[in-house]
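Structure first, then comments.
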Amino acid sequence: MTDIEAVFDKSKFNTVQRNQITLVKELIKEKLIIGHLGGLYSISSELLSFLDLLERSGYDNAVIPDMNGVPTQIDNVKEFKETCMEKFAQEMNQALAEINRIRSARTVQELVDYDFTEQD
Amino acid sequence: MTLQNKTKGVLLFAKNNPDFNYVKQAIVCATLAKHYLNVPVALVTDKDELTDDISIFDIVIDYKTTVKANVRPFYIDGKPKRLQWHNIDRLLACELSPFDETLVLDTDYLIQNNVLNQVWGCNNPMLMNTDTRLPSGPQLHVTENVIADGFPPVHWFTVMYFKKCDETKLWFDFASFVKENHNFYKKVFRSPYHYYRNDIVAAITSHIIGGYEDGYMKPLPTRQINSYPPEQILQIDHGKIVLNTEEYPVLIKDTNIHIVNKLEIERNFNRFMEIYA
Numbered sequence: 000m001t002d003i004e005a006v007f008d009k010s011k012f013n014t015v016q017r018n019q020i021t022l023v024k025e026l027i028k029e030k031l032i033i034g035h036l037g038g039l040y041s042i043s044s045e046l047l048s049f050l051d052l053l054e055r056s057g058y059d060n061a062v063i064p065d066m067n068g069v070p071t072q073i074d075n076v077k078e079f080k081e082t083c084m085e086k087f088a089q090e091m092n093q094a095l096a097e098i099n100r101i102r103s104a105r106t107v108q109e110l111v112d113y114d115f116t117e118q119d
Numbered sequence: 000m001t002l003q004n005k006t007k008g009v010l011l012f013a014k015n016n017p018d019f020n021y022v023k024q025a026i027v028c029a030t031l032a033k034h035y036l037n038v039p040v041a042l043v044t045d046k047d048e049l050t051d052d053i054s055i056f057d058i059v060i061d062y063k064t065t066v067k068a069n070v071r072p073f074y075i076d077g078k079p080k081r082l083q084w085h086n087i088d089r090l091l092a093c094e095l096s097p098f099d100e101t102l103v104l105d106t107d108y109l110i111q112n113n114v115l116n117q118v119w120g121c122n123n124p125m126l127m128n129t130d131t132r133l134p135s136g137p138q139l140h141v142t143e144n145v146i147a148d149g150f151p152p153v154h155w156f157t158v159m160y161f162k163k164c165d166e167t168k169l170w171f172d173f174a175s176f177v178k179e180n181h182n183f184y185k186k187v188f189r190s191p192y193h194y195y196r197n198d199i200v201a202a203i204t205s206h207i208i209g210g211y212e213d214g215y216m217k218p219l220p221t222r223q224i225n226s227y228p229p230e231q232i233l234q235i236d237h238g239k240i241v242l243n244t245e246e247y248p249v250l251i252k253d254t255n256i257h258i259v260n261k262l263e264i265e266r267n268f269n270r271f272m273e274i275y276a
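Going line by line, the protein sequences match chains A and B.
Note that numbering that gives the first Met the number 0 has the first sequence beginning at 0, numbered continuously upward.
Note that numbering that gives the first Met the number 0 has the second sequence beginning at 0, numbered continuously upward.
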């Protein structure tokens, strides 16, 4: 039979791990917010696709609602799309590294140890 | 005036009491704000009471409060204590701010990323969070979520963005009116808090100005994470704070956090300075 203490240790580990992953997921959303010409936009695959559609349809500028639903003018669709794409890629890469670090941890100590890095 | 030449910066209020050195906390707060946001920081304080080096601040506004200190309960070393709380002049932020666009921060708010830089030039005259969470999970303290049935959501004055305009001035003027008639409004809105809270005044103000509906105040891009006593800081590094919560340790990485257990900031003052100053 499995040692009961090991079960509780595993339970605690999973709780801490889940909390750290939740914090990372929330942080991604936070870091993917971009302020542009007065609007606050949440960069998502939907926004990126829409900007791409606008650009491919020949729109140099457009009015799109920001995350609070306020219609906001985008003066240069191509430039804004590129800015959003770059930020999206950068933040996602950082998030992936952090998620991998958390998944590689095997103890609560490693989960909250900021010097702990993903092992090969 | 164009968007480019509008001034922007962080505004802090600090007045020490016998239990907390708010100026010391403000120095930590300003150091992190400058490091991550790279904007000037102004401090509103009583210059005659200063004992710390305040050279970190770009602007110091001398302000002598004429209002009696608020008194509210607080836990220090696990024991409840009634403390002096000099938060009553906070509603003068719009009047006192030297900037066109301002981020007002509590001195116990620690910035660890540059996300708040996205608010500059925002279309909304004000931004403030109404949602909150704890480092170890959702906020379960029901009075911080919904005060009473039908009560507007608590507005977290910990961080507020505003730009100087007629709408902002109207909001602050009305908030001052709610403050002056606090006993009346706290009964009308059935607030369970017997002591004064700017967060509650902000909630009532937004609810009334918003046409007796919620949703007037739009949220900031950052989350409101509150670490309450007896949570303690275990370790600090660049962009990282490990907290000892009641449940388990939590690593707060690249994330802003409101350390309500202010003594922890004072206790780790040298470490913060070592990393960021």
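Cβ coordinates follow ideal geometry from the N, Cα and C atoms, glycine included.
- Listed along the chain, the chain A residues whose CB falls inside 8 Å of the CB of Asp99/B amount to none; the nearest CB is some 14 Å away.
- Gly120/B is the residue among Asp99/B, Gly120/B and Asp51/B whose C-alpha sits nearest the C-alpha of Gly37/A.
- For Met127/B, the enclosing beta strand (DSSP E) starts and ends at Met125 to Asn128.
- Here Ile258/B is buried. Its C-beta has 16 or more other C-beta atoms within 10 Å.
- Comparing alpha-carbon positions, the option among Ser96/B, Leu91/B, Val22/B and Pro248/B lying closest to Gly8/B turns out to be Ser96/B.
- For Phe268/B, the enclosing alpha helix (DSSP H) has its first and last residue at Phe268 to Tyr275.
- Asn128/B and Thr1/A have their alpha carbons spaced roughly 46 Å apart.
- In this structure, the straight-line span from the alpha carbon of Phe188/B to that of Pro151/B is close to 8 Å.
- Residue-level contact by beta carbon fails for Thr204/B and chain A, as no gap is shorter than 8 Å.
- Setting aside the 5 residues that flank it on each side, Pro248/B is surrounded in the same chain by Leu233, Val241 and Leu242, each with a C-beta closer than 8 Å to its C-beta; the list follows chain order.
- Partner residues in a beta bridge of Asn255/B, as assigned by DSSP, do not exist.
- In the three-state reduction of the DSSP assignment, Ser41/A falls in the strand class.
- For the 8 Å CB-CB criterion, Asn13/A and Gly136/B do not form a contact.
- Only residues of its own chain outside the window of five on either side were considered, and among them Gln24, Val27, Asp107 and Ile258 have a CB closer than 7 Å to the CB of Ile264/B, listed in chain order.
- Interface with chain B (8 Å Cβ-Cβ cutoff): Ile32/A is included.
- Counted as a single uninterrupted DSSP element, the stretch harbouring Asn182/B is not any beta strand (DSSP E) but the alpha helix (DSSP H) occupying residues His181 to Val187.
- Rounded to the nearest angstrom, the gap between the Cα atoms of Phe173/B and Cys164/B is 14 Å.
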